[in-house]
Every structure is written in structure tokens, then in C-alpha cells.
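Here is the structure we will look at.
Protein chains in written order, with this note's numbering: chain A, 1116 to 1438; chain B, 1116 to 1438.
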């Protein structure tokens, strides 16, 4: 069954891709097997992270971006991630409505998802879904998150290009000074630029950028782009800025660095998770007999017991040499 | 230095105990050494958890409880825990003022603390502080938390007797139906019982208890005690109920069970934490060279790489036998 889904994904079959994403959302062990099959076939899709407070118009902007990328022939996918709801299990109604103009376009795949088994940090389900889409032939992945909390920052910070969407009059402190989002944004968008206060937002962001980047040369300084997503105004400039950022990343070697960092982060998460499961399933069951009694009798502390257990379950250096 | 602090604690010296708690709050590796020394000298102090929404009068109630326990000669300590503030580094002014009547009493030790290095779950700093106080000769520990969120539930759920404080007119849903606090309460207190609506709160709690405990016999059914902490009304009944609950736990064997569960939880936490540190400090540094490149070249997935690394660092069954 898994083989069949995997084969479908590799052929770019939309229903197989949808099925595969449901698997990575809901079934941890199947997800692992699936990714083991698909990962060698990934090509390194370009990932664009799109974030900003609720109500800034991210979905409308995504809709227009889709049209632009499709216009130049890219095979595209959109992942709308809602970290606050681990069990969306489908698509938001709003996204569906807004993006329905692309629903019949075979070159665009749109999916909303929750974040399986993630207690903060990078969600395994999102990482897996990105690999599924990449293996399915998608060249550009737009990862949209619904807020600007820590979970959203963790998700978009693994993107190649991070786009932060602001609007005039939403209370700038609230939009901007949260969870370190300013530091990871590569492109700033001020949407609804026909509203009052647009220049104030632009000025504030520019001042902040001047302070942060003022004296550094040869580095990417995030541009600030005004858009009116509803009308499509400024969307071409945004696509252009994304293209320039991509060029910068490639030429400077920063793309390789970012991806290496993402891989490291994923590997660490996977290891942590596997070890936790190993502890729960095997070790703690075994050691209960040995150590809980000892701690109860106050012969060893929890720390000393943990050290002894680690000595038993971990191969530390020198141990193998003794054989 | 640590030896000196530990010796002071074992003699019941107040300044040494205060010093020791600062150590467990702020210095992970020193904390471990200190607990390794102190733990064998703990006697199994009785731990009372006191929780409830802000403004229900927990500190005033704690103050009156102190007086009662001191009246019968118990050596007592109060830990006021604020999970939302990991760096209190001292005492809340409010607690200090409210509890100042006991400040010169050598038999009472009062301390506010944050929760070092805890991302939810049981805080190592609180566990350690409890062991310090226990080794310092305290017979009864009153652990007070400032809210009723998940962090508070995690903290008080390791207590021997959990007291949940409610008041009339605070919005019962908000007080009660949060984070599973109802399920872990052993005694309900309705404080400010001279306020309107007191009987409604009592009735609601009793109905809920009837549903939960209706058909079970031989089990502890949590009593509901009305108090007016300011005047001291009902405090004797509360102390009496705590005493009865303690008797019940001892006679039924449930005390042993609770403490065994607490020890297991602590051991699991400590193990998880030590393994995380081991991974960060040694393994990931080593494996970067080996595996990140392989993943980059798409030869293995993050899952397959994690499996291989686990094979290298964990002694799984059979491995030792091969030697």
C-alpha cells in the first residue's frame, strides 16, 4: 500500500500526494517508512515561508503569488499550517474559497495541515510534507502560517526565503516585536498599502533595519514592499524580490548553509524523538525493577540513578574498545 | 563549598537551606551534586499542594495553615512557585508581607521560586528544592502555585495531598474545568465563604464529585470545606481533612503508590534531560561529519540517519553478548 502511494507521489499524482500528506499527518511509523522511500527522490524544492498576524491578508497574497508563479510555469504547492490546531485534517474553508481559482489547475497543490506530535520546535509532519511535495515534483513550496507566535517562527525559519506580511494600523508593536520574527524575515511586505498609516509602518521597519544592518556590507538587506493584494498591486515586485533573494542565497553560499542548518535541525529532532520513544518503550520498563526500588530506599538519587542507566544504555567512548 | 552548604542543610541551618535552594534554582550541575549528597538523608516529608486561580486567597490560607501546623509543633516549609516567571530569584513582595508574621519563627521556612529549565512537566528545580527542605528536617512542605494552568497541575500533582481553593463568584467554569485540576484535587476549599453564591459553588462541586465517585466504594471522596481565611474560619477543619487524607493514604497503600509514581516521573525527566544534553554535547558534534553530508547527498533520510546513529550510541540487546 505504502509502495503504491510512494509510486504515485513520484509520478506527481495529486491524489497520491494528498494521501501521503494524510499519512505523515496521522501515522508516525508509516510516515517514517514513506519518507525513507521518497527522500532520495527529492530535488531540493525552493521553500518560501509566508507569515504575519491574522487578518493581514496572507491567503489573498498567496493566491496572487500562485498566479504569478504559475504564469512562469512553476510546479507549485501551498501548505497552510495552523500550529494551534493539531487536528485540522483537511483544509480551512477560508483558504479553499480564496484559492479556489486554482483548484482545477493541476500544477498547483493546496493543502492545510496541523502539526502532528510537535511540542514546539520544528513539526515532523511539516518537514515530512515538504519532502512529499518535493518528491512529487513541486518546484516551489509556499508555506503559510496563520500567526506570528513561536511555533510559526519555528516553522518558517526553515524556509529559504521568509516573507513577513504587515499592515498599517494593526498596532506595530504587536505585529513586529514578537518571537524574533523580525530577525528571520528576508522580505517585508506592507499589505493593504492603500490604508492610512502605510508610510509610518514602512519608516519604522526601515529604521529597525538600518540599526540591524547599517554597518554590514555584502549582506542581504531585506527590502520593504508595499502591496494591495486584493488588486494584485505590488505582487510582481514581491515575486521579483523573492527571485533576487534566491540569487543572493545561491551566489553567497547562504542557500547551502540554510539547508544544512535545516537538515541538522531535523536530524536532532528525529533523534530526540526516537530516543524518547526508546526510553518509554524499552528502557524505563526494564529499569523500573532495578532503580525505582533503589531510589525509594534512598540508596541513590534520581540523578545518580539516571547516570547509571545511561551507563547501561549508552555506548560511551572506550566501551567498544574493551571487547 | 558545596559540602559546607550540604552540612548546613543537614543541621537544619536556615541560611544554608536558602543557599541550597538558590543553587538548585540557578546551577544545574551543582544542583545535581548537592542532591546526590542530600537525598540519602531525606525522611519523606509530607507534601501538601495548594492551588487555585489568582485572587482566591491562597497565601492568606497558607498563612493560617502555617499557624495551625506550628501550633502542633511541626517543622514546616512553604514553597510559593510561579511557573510563569522562571527568574524570580527571590520572594514575591506580597508573600513576604502576608507571611511576615512567621518570619522570625525558626520552625517555618518560606521561599518563592521560579521553575528552572522546565518546558512544562515537573520542574527539576522544584523537585530538588523539595529534597533540600526534606533533608533540612522539614516535616511538612506546603507547595503553593499561583494559578491553575497545566504547569501548576504538573507541580501540585506530585504532592501527597492536593488542596484546590475556589471562591464564590469567580466564574465556576474558569476555576474548575481547566487542565484536569478537578481530577487531582483531594480536598476542595471554598474560601471567602461569607460571599454570595457560596452554596452554589459547593453544590456544583458536590454534583461533579457524585458523578465521579458515585459508585466507587472504599475510595477517598474529596471533602468540600468552607473557609473564611481572613478570619481563620474553617482552617481547623481543613487541617483535620488533610490529616484524614494522610491517614487514608497510609492505610490504603496509596501513599506508597503516589510516591513511587513521583519517583518514576522524576527519573524519567532526569533521564530525558541527561540524554538531551549528551546528544547536544557529544553525539551531534561527532555525527555532523558523518551524517549531515549523507543526508545532503540524499543517500539517507533523517529517519534512517537517526536509526543508524542510535545503533551507534545505544547499547541495544545482544550487542554486549557479541563480545
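Glycine included, C-beta positions come from ideal geometry on N, C-alpha and C.
On a predicted model such as this, the values are computed, not experimentally measured, just so you know.
Nearest-angstrom beta carbon gap, residue j and residue i [assumed within contact, 8 Å]
i, j, result
"residue 1136 (chain A)", "residue 1261 (chain A)", "Actually they are not in contact, since the Cβ atoms of residue 1136 (chain A) and residue 1261 (chain A) sit about 18 Å apart, beyond 8 Å."
"residue 1310 (chain A)", "residue 1347 (chain A)", "That pair is no contact at about 17 Å."
"residue 1249 (chain A)", "residue 1373 (chain A)", "Residue 1249 (chain A) to residue 1373 (chain A), Cβ: 15 Å. No contact."
"residue 1162 (chain B)", "residue 1245 (chain B)", "7 Å"
"residue 1428 (chain B)", "residue 1429 (chain A)", "6 Å"
"residue 1140 (chain B)", "residue 1240 (chain B)", "5 Å"
"residue 1407 (chain A)", "residue 1387 (chain B)", "Their Cβ separation, rounded to whole angstroms, is 16 Å, which puts residue 1407 (chain A) and residue 1387 (chain B) out of contact at 8 Å."
"residue 1389 (chain A)", "residue 1421 (chain B)", "5 Å"
CB contact flag (residue i, residue j, <7 Å)
i, j, result
"residue 1157 (chain B)", "residue 1344 (chain B)", "no"
"residue 1252 (chain B)", "residue 1151 (chain B)", "no"
"residue 1258 (chain B)", "residue 1153 (chain B)", "no"
"residue 1303 (chain B)", "residue 1255 (chain B)", "no"
"residue 1273 (chain A)", "residue 1306 (chain A)", "no"
"residue 1279 (chain A)", "residue 1300 (chain A)", "yes"
"residue 1160 (chain B)", "residue 1243 (chain B)", "no"
"residue 1336 (chain A)", "residue 1164 (chain A)", "no"
"residue 1177 (chain B)", "residue 1224 (chain B)", "no"
"residue 1378 (chain A)", "residue 1410 (chain B)", "yes"
"residue 1155 (chain B)", "residue 1412 (chain A)", "no"
Classification of residue i by the beta-carbon crowding that lies within 10 angstroms, buried from 16 upward
i, result
"residue 1138 (chain B)", "buried"
"residue 1322 (chain A)", "exposed"
"residue 1328 (chain B)", "exposed"
"residue 1124 (chain A)", "buried"
"residue 1385 (chain B)", "buried"
"residue 1169 (chain B)", "exposed"
"residue 1326 (chain A)", "exposed"
"residue 1116 (chain A)", "exposed"
"residue 1187 (chain B)", "exposed"
"residue 1381 (chain B)", "buried"
"residue 1426 (chain B)", "exposed"
"residue 1365 (chain A)", "exposed"
"residue 1126 (chain A)", "exposed"
"residue 1144 (chain A)", "exposed"
"residue 1417 (chain B)", "buried"
"residue 1458 (chain A)", "Outside the displayed span of chain A (1116 to 1438) sits residue 1458 (chain A), for which this structure offers no information."
"residue 1315 (chain A)", "exposed"
"residue 1392 (chain A)", "exposed"
Chain A contact residues for residue i, given Cβ-Cβ distances below 7 Å
i, result
"residue 1420 (chain B)", "1382"
"residue 1413 (chain B)", "1154, 1155, 1157"
"residue 1253 (chain B)", "Here the premise fails: no neighbours, minimum Cβ distance about 16 Å."
"residue 1391 (chain B)", "1387"
"residue 1147 (chain B)", "1418"
"residue 1439 (chain B)", "Since the displayed chain B opens at 1116 and closes at 1438, residue 1439 (chain B) lies outside it and no answer follows."
"residue 1151 (chain B)", "1416, 1418, 1419"
Chain-ordered chain A contacts of residue i [CB-CB under 8 Å]
i, result
"residue 1338 (chain B)", "Correct list: empty, because the minimum Cβ distance to chain A is about 30 Å."
"residue 1406 (chain B)", "1382"
Cut-off 6 Å between Cβ atoms - residues of its own chain near residue i, not counting five sequence neighbours on either side
i, result
"residue 1419 (chain B)", "none"
"residue 1359 (chain A)", "none"
Beta-carbon proximity list for residue i, same chain, < 7 Å, skipping 5 on both sides
i, result
"residue 1134 (chain A)", "1120"
"residue 1179 (chain A)", "1344, 1347, 1350"
"residue 1222 (chain B)", "1185, 1190, 1191"
Proximal chain B residues relative to residue i, where beta-carbon distance stays under 8 Å
i, result
"residue 1299 (chain A)", "Ordered by position in chain B, no residue passes the 8 Å Cβ test against residue 1299 (chain A), which lies about 21 Å from the chain."
"residue 1385 (chain A)", "1417, 1418, 1420, 1421"
Own chain residues within Cβ distance below 8 Å of residue i, not counting five before or after
i, result
"residue 1130 (chain A)", "1123"
"residue 1351 (chain B)", "1183"
"residue 1320 (chain A)", "1281, 1291, 1303, 1305, 1339"
"residue 1149 (chain A)", "1117, 1120, 1121, 1135, 1138, 1139, 1243, 1247"
"residue 1172 (chain B)", "1280, 1282, 1306, 1307, 1344, 1345"
"residue 1334 (chain A)", "1328"
Cross-chain neighbours of residue i in chain B, by beta carbon under 9 Å
i, result
"residue 1394 (chain A)", "1383, 1386, 1387, 1390"
"residue 1430 (chain A)", "1427, 1428, 1429, 1430, 1434"
Contacts that residue i makes with chain B (C-beta to C-beta distance below 7 Å)
i, result
"residue 1424 (chain A)", "1386"
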